[in-house]
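Enquirer: When we follow the UniProt record's numbering, the leftmost residue of the sequence shown carries the number 1, and every step to the right adds one.
Glycine residues also receive a C-beta, built at the ideal position from the N, C-alpha and C atoms.
Structure provided below as structure tokens; questions to follow.
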Amino acid sequence: MISNRESARRSRQRKQQHLDNLTAQISQLKSQNRQILSSCATTTQQYVTVEAENSILRAQLDELSNYYQSLNEIVRCLTTTTTAITTTTVTTSDESDDCEGFGGFDLEIDDGFSVNPWGFGFSFGNNFSAMSTIDPFMC
1 MISNRESARR SRQRKQQHLD NLTAQISQLK SQNRQILSSC ATTTQQYVTV
51 EAENSILRAQ LDELSNYYQS LNEIVRCLTT TTTAITTTTV TTSDESDDCE
101 GFGGFDLEID DGFSVNPWGF GFSFGNNFSA MSTIDPFMC
């Protein structure tokens with residue numbers, strides 16, 4: 001009977017120790033869970049911030065791409081117009097048709113002479129750019 005009681009007592013001690021171990025493990029897992037949730041919240045906030053910055057950068061990229069294309073179109077038209085004026089030939093390509101409105105401007109060339117498609121007897125020279133004083137759209 002004493003042996004039976006001793007065995008029951010050891011069994012209760014093992015159960016209590018197992019319960020204490022499980023309680024400690026629960027505390028440890030809850031602590032890890034809090035750390036993971038905190039890390040997840042921080043990462044989510046950083047993701048939202050980076051995604052907002054990326055959205056702004058994508059919008060700026062689109063805007064700058066459109067601006068770049070517009071500038072390239074203007075340069076292409078001015079180059080086509082300048083080439084047509086200096087060679088005194090008329091091109092009928094689709095590229096020059098897009099540039100019809102640009103031919104009437106005085107363009108300053110690197111050699112210091114101003115291209116004047118209307119044939120007026122004046123030149124602006126190196127120190128003055130007609131493009132800076134003429135509003136081509138009369139706005």
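#1: Can you tell me whether Thr81 is buried or exposed, with buried defined as 16 or more other CB within 10 angstroms of its CB?
#2: Just the C-alpha distance for Tyr67 and Glu51, rounded to the nearest angstrom, thanks.
#3: Once you ignore the five residues that flank Gln17 on each side, which residues in its own chain have a CB closer than 8 Å to its CB?
#4: Quick one: Cα of Arg34 to Cα of Ser7, how far?
#5: Can you tell me the Cα-Cα spacing of Leu22 and Ser55, whole angstroms?
#6: Could you check the C-alpha separation between Glu63 and Leu57 for me, to the nearest Å?
#7: Give every residue of the same chain whose Cβ lies closer than 6 Å to the Cβ of Arg14, excluding the five residues on either side of it in the sequence, and list them in chain order.
#8: Would you kindly work out how many angstroms separate the C-alpha atoms of Ser70 and Tyr47, rounded to a whole number?
#9: Just the C-alpha distance for Gln25 and Arg5, rounded to the nearest angstrom, thanks.
#10: Quick check: what's the CA-CA separation for Glu73 versus Thr79?
Expert: Well, looking at it:
#1: buried
#2: 24 Å
#3: none
#4: 40 Å
#5: 48 Å
#6: 10 Å
#7: none
#8: 34 Å
#9: 30 Å
#10: 10 Å
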